[in-house]
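Participant: Starting off with a structure, shown below.
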Amino acid sequence: MISSTTMAKRAAPALACIGLLAVWQVASLVLKSDSFPTAIEAIRAIPDILGDRESLINILASLRRMAIGFSIAVLVSMPLGLLMGRSRAVAAFFNPLLMVIYPVPKAALMPIIMLWLGVGDITKTLVIFLGVSLPVIYHSFEGAKAVEEKMLWSGAAMGLSPLQRLVRIVLPAALPEILTGCRTGLVLALITMITSEMIARQSGAGNILFNALDMGQYDTVYAMIIIVGAMGICLDAVFERVRARLVRWSEPQFDLPLSFS
Amino acid sequence: MKVVPSRLSEWVRPVTLQQPACAIIEIERVSQVFQTSARKDHLALSDISLTIDEGAFVSILGPSGCGKSTLLYIVGGFVNPSSGAAKMKGQAITGPGPDRGPVFQEFALFPWKTVLGNVMYGPRQQGVRTNEAEAQSRALIEMVGLKGYENFYPKELSGGMKQRVALARTLAYHPEVLLMDEPFGALDAHTRTRLQNDLLNIWERDRKTVLFVTHSVDEAVFLSDKVVMMSKSPGRIRQVIDIDLPRPRRRNELLLDPRYQKYVVDIERMFDESDEAGSPS
Ligand SMILES: Nc1ncnc2c1ncn2[C@@H]1O[C@H](COP(=O)(O)OP(=O)(O)OP(=O)(O)O)[C@@H](O)[C@H]1O
Ligand SMILES: [Mg+2]
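One line per chain: the protein sequences are A and B, in this order.
Per the numbering used here, the first sequence starts with residue 1, numbered consecutively.
Per the numbering used here, the second sequence starts with residue 1001, numbered consecutively.
Next comes the structure, spelled out in structure tokens:
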């Protein structure tokens, strides 16, 4: 039996989407502007984009860059954050560096990176990497710092070496916090992915979007926005499922405000 | 009311094996200074010397903040003393090791492991095969009264249950010395009594050396061979009292035993005196 509250909970995101589309539809009918197609027109353009071989290749290339940038960022940033959280020396070394990088919009670095590495995959993946790294480092750092010292002492008494303690105690203990960082990182990966393709216009989902804009194909522009948004929502929902599974053991947390699962 | 049990205890009094007492832990002139945030040095322990014999049950008794936990951490090797040294079997203690098993005031269970996973952690780390470690751990979990809770996560347990898991987790890797920091402090009276009895049974069976921190006078007298009384600011040893009561000890017999009552009353009086002496001037 599903109670009415859980049903309402599940239906809420769908209702919100439908509501948004309805407002859009009405607004565009009222405004009657060429550059503001109706929601139905935009949705109708979606199959054309997804049916087009070249567009599909572009979108998949975007997703591939995003996956690679995100994965490398997590693999590098998580250990770094954990080390920073447990070692004052490591934190003292990296903190100033990160403080400088933190407020800089990663996309603003793109022109420089493009000068060095061209407009290809490496540049875009690097920007995604930078975008994802900071939240993952930050949350891993906070998670590692908060690990109860007596837990590490218990491990030491059982004979765990410092490295074993980092991997087998700090890592699992900080996992809920790390995954919160990864979730933020995932959304940032999507944002930096589109931004990078918008600056280095050569391929990708962002490229389709801005090319369509240049050519005045507004229904395609809006369709792409819907596609990218849907990708974000799906990725986040899948990630949230995985996250919830991995940290079933942890204290119940309040749902993050941006939860579509 | 029957008073027979108290007499009976005389009958079942075991022959105490008078083997030559052998020091397992020596604490030599240990002092501990902490830097407080007010940039003042705070003397938490002052010139502590104490010898603990192998197989002895020693309680450290003292008011809150007198440095009991700190002393235990020094013996555990988790904290290096500012001066002086602690030794285990003649060897200077330089860090933690599986020969000294802590049970912390805060439990410090691994929240991502189930009860069974927590208890198995030490034996697995020591290279005991999984099957064997699991069998031993299940037996230990049953012994501390948590049969049926093997697959529960710590967040699903009550405070007293967590405490029992913490005890089982430490016992699982067979430390020679148990370092217990107010292990029963957070428990209700009933569970507390049960666990005291269980601990005594375990101890009487395999005669581990136990260093037991508490601020309960009757708990200290009930369990210990020796009670170390500490006083506050700075933390010092005020007196060491040998508890000469027969073993195995039964709570219901002991409570009626005038010798037990005298120990409790005497130590409580000393406690009050030290409170007056130790109050801030
Ligand atoms: N890491 C630390 N930094 C600064 N001061 C500390 C630190 N640890 C303990 N102290 C101080 O040392 C003193 C002794 O602390 P400790 O925790 O050993 O007391 P305790 O006897 O175990 O008290 P309780 O019975 O409340 O657990 C206290 O005054 C405390 O403020
Ligand atoms: Mg304490």
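From the three backbone atoms N, C-alpha and C, an ideal C-beta is built for every residue, glycine too.
Keep in mind that this is a model prediction, so the values were computed, not measured.
Could you tell me whether any Cβ in chain A is nearer than 7 angstroms to the Cβ of alanine 1172 of chain B?
Facilitator: Chain A, which has no Cβ nearer than 7 angstroms to the Cβ of alanine 1172 of chain B, makes this no.
Participant: What do you reckon, is the C-beta of phenylalanine 1034 of chain B under 6 angstroms from a heavy atom of ligand 1?
Facilitator: Yes; taking the cut-off as 6 angstroms, the Cβ of phenylalanine 1034 of chain B has a heavy atom of ligand 1 nearer than that.
Participant: When you compare each of B:Gln1196, B:Gly1122, B:Phe1078 and B:Lys1113 to asparagine 1252 of chain B by their alpha carbons, which one comes out closest?
Facilitator: Residue B:Gln1196 is the option with its Cα nearest to asparagine 1252 of chain B.
Participant: Between methionine 151 of chain A and chain B, is any beta-carbon pair separated by less than 7 angstroms?
Facilitator: At least one chain B Cβ lies under 7 angstroms of methionine 151 of chain A.
Participant: Could you confirm whether any beta carbon from chain A is found closer than 7 angstroms to the beta carbon of tyrosine 1149 of chain B?
Facilitator: Answer no: the Cβ-Cβ gap between tyrosine 1149 of chain B and chain A never drops below 7 angstroms.
Participant: Can you pull the chain A residues whose beta carbon is under 7 angstroms from the beta carbon of proline 1102 of chain B, in chain order?
Facilitator: Correct list: Trp153, Ser154 and Ala157.
Participant: If arginine 1138 of chain B sits next to glutamate 1150 of chain B, beta carbons under 8 angstroms apart, how far is it from one beta carbon to the other, in whole angstroms?
Facilitator: That belief holds up - the Cβ atoms of arginine 1138 of chain B and glutamate 1150 of chain B are roughly 7 angstroms apart, short of 8 angstroms.
Participant: Please identify, using Cβ separations under 7 angstroms, the residues of the stretch 1124 to 1156 of chain B that lie next to chain A, in order along the chain.
Facilitator: Listed by position, the residues of the stretch 1124 to 1156 of chain B near chain A (Cβ gap below 7 angstroms) are Gln1125, Gln1126, Tyr1153 and Lys1155.
Participant: List, in order along the chain, the chain A residues whose C-beta lies closer than 8 angstroms to that of glutamate 1106 of chain B?
Facilitator: The contacting residues are Glu148 and Lys150.
Participant: Closer than 8 angstroms by beta-carbon distance: list the chain B residues that pair up with serine 250 of chain A, in chain order.
Facilitator: By Cβ distance, chain B contributes Pro1111, Trp1112 and Lys1155.
Participant: Roughly how many whole angstroms lie between the Cα atoms of proline 1096 of chain B and alanine 1220 of chain B?
Facilitator: When rounded, the distance between both Cα atoms is 26 angstroms.
Participant: Any heavy atom of ligand 1 closer than 6 angstroms to the Cβ of lysine 1068 of chain B?
Facilitator: True, at least one ligand heavy atom lies under 6 angstroms from that Cβ.
Participant: To the nearest angstrom, how far is it from the Cα of leucine 1178 of chain B to the Cα of glycine 1084 of chain B?
Facilitator: Leucine 1178 of chain B and glycine 1084 of chain B: Cα-Cα distance of roughly 22 angstroms.
Participant: Are there 16 or more other CB atoms within 10 angstroms of the CB of proline 1175 of chain B, so buried, or fewer, so exposed?
Facilitator: The residue is buried, with at least 16 neighbouring Cβ atoms inside 10 Å.
Participant: Output the distance between the C-alpha atoms of valine 135 of chain A and leucine 1045 of chain B, rounded to the nearest integer angstrom.
Facilitator: A small correction: the amino acid at residue 135 of chain A is proline; valine does not occupy that position in the sequence shown. Going by the C-alpha atoms only, they are around 43 angstroms apart.
Participant: Determine the contact status of valine 132 of chain A and leucine 188 of chain A, defining contact as a CB-CB distance below 7 angstroms.
Facilitator: Yes, Cβ-Cβ distance for valine 132 of chain A and leucine 188 of chain A is below 7 angstroms.
Participant: Which residues does DSSP pair with phenylalanine 1034 of chain B in a beta bridge?
Facilitator: According to DSSP, which records beta bridges pairwise, phenylalanine 1034 of chain B is partnered with B:His1042.
Participant: Once the 5 residues before and after valine 1030 of chain B are set aside, which same chain residues still bring their CB inside 8 angstroms of it?
Facilitator: Excluding sequence neighbours, valine 1030 of chain B sits near Leu1045, Asp1047, Ile1048, Ser1049, Leu1071, Ile1074, Pro1081, Ser1083, Gly1084, Ala1085 and Ala1086.
Participant: Quick one: grab the DSSP three-state call for arginine 1236 of chain B.
Facilitator: Three-state DSSP puts arginine 1236 of chain B in a strand.
Participant: Within its chain, find whatever has a CB closer than 8 angstroms to the CB of leucine 20 of chain A; leave out the 5 residues flanking it on each side and keep chain order.
Facilitator: Nothing meets the Cβ criterion.
Participant: With 7 angstroms as the threshold, decide whether the Cβ of proline 172 of chain A is near any Cβ in chain B.
Facilitator: Yes, proline 172 of chain A counts as interfacial toward chain B.
Participant: For a test of the three-state rule: what should DSSP assign to glutamate 1253 of chain B, helix, strand or coil?
Facilitator: Note: glutamate 1253 of chain B maps to helix in three-state DSSP.
Participant: Give me the Cα-Cα distance between leucine 163 of chain A and glycine 1122 of chain B, rounded to the nearest whole angstrom.
Facilitator: Those two C-alpha atoms are separated by around 16 angstroms.
Participant: Below 7 angstroms on C-beta distance, what does tyrosine 1121 of chain B contact in chain A?
Facilitator: What tyrosine 1121 of chain B touches in chain A: Met158.
Participant: Between the alpha carbons of valine 119 of chain A and valine 100 of chain A, how many angstroms are there, rounded?
Facilitator: Near 25 angstroms, if we compare the C-alpha coordinates of valine 100 of chain A and valine 119 of chain A.
Participant: Cα-Cα, which of B:Leu1254, B:Lys1226, B:Leu1256 and B:Arg1249 is closest to isoleucine 1267 of chain B?
Facilitator: Out of B:Leu1254, B:Lys1226, B:Leu1256 and B:Arg1249, B:Lys1226 has the C-alpha closest to the C-alpha of isoleucine 1267 of chain B.
Participant: Where are the alpha helix (DSSP H) runs, 4 residues long or more, that stay fully inside the stretch 1082 to 1169 of chain B, in chain order?
Facilitator: Correct list: 1115 to 1125 and 1130 to 1143.
Participant: Tell me the rounded alpha-carbon separation between lysine 1068 of chain B and leucine 160 of chain A.
Facilitator: Each residue's Cα considered, the two are about 26 angstroms apart.
Participant: Which chain A residues sit within Cβ distance under 8 angstroms of proline 1098 of chain B?
Facilitator: Under the 8 angstroms cutoff, chain A gives Ala157, Met158 and Gly159.
Participant: Could you tell me which chain A residues have their CB closer than 8 angstroms to the CB of glycine 1076 of chain B, listed as they occur along the chain?
Facilitator: Under the 8 angstroms cutoff, chain A gives Trp153 and Ala157.
Participant: Use the C-beta contact count for lysine 1162 of chain B: other C-beta atoms within 10 angstroms, 16 or more gives buried, fewer gives exposed.
Facilitator: Answer is buried; the Cβ neighbour count reaches 16.
Participant: According to DSSP, is glutamate 240 of chain A helix, strand or coil?
Facilitator: Three-state result, glutamate 240 of chain A: helix.
Participant: Below 8 angstroms on the Cβ atoms is my guess for alanine 1092 of chain B versus aspartate 1053 of chain B; work out the distance and round it to an integer in Å.
Facilitator: 19 angstroms between Cβ atoms; not a contact.
Participant: According to DSSP, threonine 1193 of chain B sits in a beta bridge with which residue or residues?
Facilitator: Note: threonine 1193 of chain B sits in no beta bridge, so no partner.
Participant: Could you name the residues that DSSP lists as bridge partners for valine 1227 of chain B?
Facilitator: Bridge partners of valine 1227 of chain B: B:Ser1059 and B:Ile1241.
Participant: Taking the beta strand (DSSP E) that aspartate 1181 of chain B belongs to, which residues open and close that run?
Facilitator: Segment 1177 to 1181, the beta strand (DSSP E) holding aspartate 1181 of chain B.
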